[in-house]
Amino acid sequence: MAIERTLSIIKPDGVQKNLIGEVYRRFEAGGLKIVAARMTHLSPADAGAFYAVHRERPFYNDLVAYMTSGPVMVSVLEGEGAILKHREIMGATDPKKADPGTIRADFADSIEENVVHGSDGADTARQEIAFFFAGTDICPRTR
């Protein structure tokens, strides 16, 4: 597999539950490296722009309200097959369908408040990373 980068967000419920360290521990244990990270509180405009792909869906307004309800941790993860690996560690969007031992199975309260977000493909990852990070913000691991 190729070295990839993916965007990861620890959502407001994950930050509120003090899961940042545990979530990052799981990503790192799975072979992913954090190459950029910062905490931010999304504005309604930023959350709306980030989730614009869902604008016509009935859950869009609730999603924007949820993502602006508290701070989030946005990160860029890097590693072999990072996109798929990240999604495997997160688990299915619906925590009731997530495999045991995944982040969502262990910590999510609902399909709406499911602790983490991850890019679903290479093109999406590039767009999502660029939304939050300039190229100079990403620090490739040199050792």
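Residues 1 to 143 in my numbering are what the sequence shown lists, from first letter to last. C-beta: ideal position from N, C-alpha, C; glycine also. Quick caveat: nothing in here was measured; it's all calculated off a predicted structure.
Original post:
What's the C-alpha gap between F133 and R38?
Top reply: 9 angstroms
Original post:
Under 7 angstroms, do R104 and P95 count as touching if we go by C-beta distance?
Top reply: yes
Original post:
A47 to F131, Cα distance in whole Å?
Top reply: 11 angstroms
Original post:
For A36, which three-state DSSP category applies?
Top reply: strand
**OP:** Kindly indicate the opening and closing residues of the alpha helix (DSSP H) around T124.
**Re:** A122 to F132
Original post:
Whose C-beta lies closer than 8 angstroms to the C-beta of D120 among residues of the same chain, with five residues either side of it excluded?
Top reply: I83 and R87
Subject >> Run of the alpha helix (DSSP H) containing E22, from where it starts to where it stops >> reply: I20 to A29
**OP:** Give the DSSP bridge partners of S75, in chain order.
**Re:** S8 and A37
Subject >> Backbone CA spacing between D106 and D13 [nearest angstrom] >> reply: 13 angstroms
Subject >> Reference T6; option with closest CA among Q127, T136 and Y51 >> reply: Q127
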